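Numbering (my numbering), first residue to last: 2 to 304. Encoded as C-alpha cells, the structure appears first; notes follow it.
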Amino acid sequence: MKIAILSNGPGNYSTKRLKTVAEERGHEVDVIKYRDCYASIERSQPLVWNDGEALVGYDAVIPRIASSMTRYGSAIVRQFEMQGIYTLTSSISIVRSRDKLRSMQLLARAGVGIPKTVVSRGSADVSDLINHLGGAPIIIKLARGTHGNGVVLAESKKAAKSVLQAFYVMDQDGTNILLQEFVEESAGTDIRAFVVGGKVVASMMRQSLDDDFRSNLHQGGAGEKVKLTDDERKTAIKAARSVGLNLCGVDMMRSERGPLVLEVNSSPGFGIEEVTGRDVATPIIEYIERNAKRRNKKDKVGA
Ligand SMILES: Nc1ncnc2c1ncn2[C@@H]1O[C@H](COP(=O)(O)OP(=O)(O)O)[C@@H](O)[C@H]1O
Ligand SMILES: [Mg+2]
Numbered sequence: 002m003k004i005a006i007l008s009n010g011p012g013n014y015s016t017k018r019l020k021t022v023a024e025e026r027g028h029e030v031d032v033i034k035y036r037d038c039y040a041s042i043e044r045s046q047p048l049v050w051n052d053g054e055a056l057v058g059y060d061a062v063i064p065r066i067a068s069s070m071t072r073y074g075s076a077i078v079r080q081f082e083m084q085g086i087y088t089l090t091s092s093i094s095i096v097r098s099r100d101k102l103r104s105m106q107l108l109a110r111a112g113v114g115i116p117k118t119v120v121s122r123g124s125a126d127v128s129d130l131i132n133h134l135g136g137a138p139i140i141i142k143l144a145r146g147t148h149g150n151g152v153v154l155a156e157s158k159k160a161a162k163s164v165l166q167a168f169y170v171m172d173q174d175g176t177n178i179l180l181q182e183f184v185e186e187s188a189g190t191d192i193r194a195f196v197v198g199g200k201v202v203a204s205m206m207r208q209s210l211d212d213d214f215r216s217n218l219h220q221g222g223a224g225e226k227v228k229l230t231d232d233e234r235k236t237a238i239k240a241a242r243s244v245g246l247n248l249c250g251v252d253m254m255r256s257e258r259g260p261l262v263l264e265v266n267s268s269p270g271f272g273i274e275e276v277t278g279r280d281v282a283t284p285i286i287e288y289i290e291r292n293a294k295r296r297n298k299k300d301k302v303g304a
C-alpha cells in the first residue's frame, strides 16, 4: 500500500514509529506536512497539492493533526475523503474530538459516563449552574483547550463567579466554556486508554507530581502502566465509537460511580509505548491493512 502520514513533525516519535512499522511491513510511506499543502476545489476533481505536485495514488491516509491546526488540518483530511481515499480517522471525528462540548454531548447520548457538565453563554445565574453540579468546588474549562492549559479549579462559588466573568468577556459566544463537577476522589490522576479499531491496545495512569489537580504530562505529570477494569475497557471502546474514531486516546477518571470520560484525543501521543512497553504502532498499521483494502475494493465495485 501507499500510505500518507499527515504530520507537521516528521521527527516526532509517533510519526517515526508509524513510518518505520509501515515500511517494515512492506508499505511505501510519505510524511506530508499538511500545513504546507493546499487544496484545489474543482468540479469532480478534488485534489491536495504539496510543493506544486498533486498528491495522488494513496491507498490510505493517517492524519496526525495538531490541535492548533484543527480546522485547516481537517479540511485537508476532508479533501482526501472527497476523493474516496481511506483515512484512518475521519475529518468529522477529528473536529468532534477537538470540541469538548460537542464530544460530551455525543458521549452522554451514547450512555458513556462523564462528569456532570453544563454550558451557558453567560446570561444564566451562576449559582443556579453550580447547584446543577452539586455545589463548589467546580471545574471551569475551555471546550477547545489542550494540555491542561484551559482548565481551572474554582474552590468556592465566589471564585467560580469571578473566573467565569473573565472567561465570558473573552468568549461572548459561550460555547467554549464548560462548567464541570469536580471529581475530587481521584483528583490529580487520570487514565489514558489507547484505542485502535475498537480495542484497547495499551493503557496508563497519569499522576500529577505536585499538588496540581491536573495530571497532564505537559503539566509535569508522570505515567505508569495500569490494568483497566472491564468497565473501564468497555467505556473507552464505547467512547471511541460514539465520537467515531478508529484511533484515539480516551482519558477517564476513576470515580465513585465508575469511569468518567474527560476527553477523546484524536492524535494520541506514542509516549505510552515507553510507559507501558506496548507497541501501539503495529496494531494501527495492521488495522489499516485490514480496512483500507476492503474499503477501496468496495469503492471500485460501486464505481
Ligand atoms: N471534572 C474534573 N474533575 C477533576 N479533575 C479534572 C476534571 N476535568 C479535568 N480534570 C483534570 O485536568 C486535566 C485536564 O483536563 P482535560 O479535560 O483533559 O483538558 P485538556 O484537554 O487540557 O487535557 C485532566 O487530565 C484531569 O487531571
Ligand atoms: Mg486531557
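Ideal Cβ positions, reconstructed from N, Cα and C, are used throughout, including at glycine. None of the values given here were measured: they were computed from a predicted structure.
Backbone secondary structure at residue i - three-state DSSP
{"i": "residue 205", "result": "strand"}
{"i": "residue 193", "result": "strand"}
{"i": "residue 94", "result": "helix"}
{"i": "residue 75", "result": "helix"}
{"i": "residue 220", "result": "helix"}
{"i": "residue 272", "result": "helix"}
{"i": "residue 56", "result": "coil"}
{"i": "residue 305", "result": "Because residue 305 is not part of the residues shown, which for the chain are 2 to 304, the question remains open."}
{"i": "residue 262", "result": "strand"}
{"i": "residue 89", "result": "coil"}
{"i": "residue 280", "result": "coil"}
{"i": "residue 141", "result": "strand"}
{"i": "residue 227", "result": "coil"}
{"i": "residue 34", "result": "coil"}
{"i": "residue 152", "result": "strand"}
{"i": "residue 305", "result": "No answer is possible for residue 305: the residues shown for the chain start at 2 and end at 304."}
{"i": "residue 16", "result": "helix"}
{"i": "residue 67", "result": "coil"}
{"i": "residue 178", "result": "strand"}
{"i": "residue 41", "result": "strand"}
{"i": "residue 248", "result": "strand"}
{"i": "residue 1", "result": "The chain is shown only over 2 to 304; residue 1 falls outside these bounds and no answer can be derived."}
{"i": "residue 61", "result": "strand"}
{"i": "residue 147", "result": "coil"}
Per-residue burial, residue i [other beta carbons within 10 Å of its own, 16 or more giving buried]
{"i": "residue 156", "result": "exposed"}
{"i": "residue 136", "result": "exposed"}
{"i": "residue 254", "result": "buried"}
{"i": "residue 142", "result": "buried"}
{"i": "residue 199", "result": "exposed"}
{"i": "residue 139", "result": "buried"}
{"i": "residue 69", "result": "exposed"}
{"i": "residue 191", "result": "buried"}
{"i": "residue 247", "result": "buried"}
{"i": "residue 5", "result": "buried"}
{"i": "residue 20", "result": "buried"}
{"i": "residue 11", "result": "exposed"}
{"i": "residue 166", "result": "exposed"}
{"i": "residue 222", "result": "buried"}
{"i": "residue 293", "result": "buried"}
{"i": "residue 159", "result": "exposed"}
{"i": "residue 114", "result": "buried"}
{"i": "residue 227", "result": "buried"}
{"i": "residue 105", "result": "buried"}
{"i": "residue 45", "result": "exposed"}
Supposed contact pair residue j and residue i - C-beta distance, whole angstroms, cut 8 Å
{"i": "residue 89", "j": "residue 57", "result": "At roughly 19 Å, the Cβ-Cβ gap does not stay under 8 Å, so residue 89 and residue 57 are not in contact."}
{"i": "residue 130", "j": "residue 180", "result": "5 Å"}
{"i": "residue 186", "j": "residue 257", "result": "6 Å"}
{"i": "residue 73", "j": "residue 3", "result": "Rounded, the Cβ-Cβ distance is 23 Å, inconsistent with contact."}
{"i": "residue 245", "j": "residue 91", "result": "6 Å"}
{"i": "residue 189", "j": "residue 209", "result": "4 Å"}
{"i": "residue 265", "j": "residue 240", "result": "5 Å"}
{"i": "residue 35", "j": "residue 86", "result": "Contact doesn't hold; Cβ gap of about 14 Å is too wide."}
{"i": "residue 7", "j": "residue 42", "result": "Actually they do not touch by this definition, with Cβ atoms about 18 Å apart."}
{"i": "residue 149", "j": "residue 219", "result": "6 Å"}
{"i": "residue 196", "j": "residue 236", "result": "At roughly 11 Å, the Cβ-Cβ gap does not stay under 8 Å, so residue 196 and residue 236 are not in contact."}
{"i": "residue 144", "j": "residue 101", "result": "4 Å"}
Below-7 Å beta-carbon distance, residue i vs any chain B residue
{"i": "residue 268", "result": "As a matter of chain content, chain B is missing from the structure shown, which is built from one protein chain."}
Query raised in the report: Touch check for the stretch 117 to 129 and the stretch 171 to 191: three-plus C-beta pairs under 8 Å?
Result: yes
Report task. Count the C-beta pairs between the stretch 47 to 61 and the stretch 271 to 285 that are closer than 8 Å, then say yes if the count reaches three, no if not. Result -> no
Query raised in the report: Can we say the stretch 229 to 242 touches the stretch 210 to 218, given the rule of at least three CB pairs closer than 8 Å?
Result: no
Query raised in the report: Pairing CB atoms from the stretch 110 to 119 with CB atoms from the stretch 80 to 100, are three or more of them under 8 Å?
Result: no
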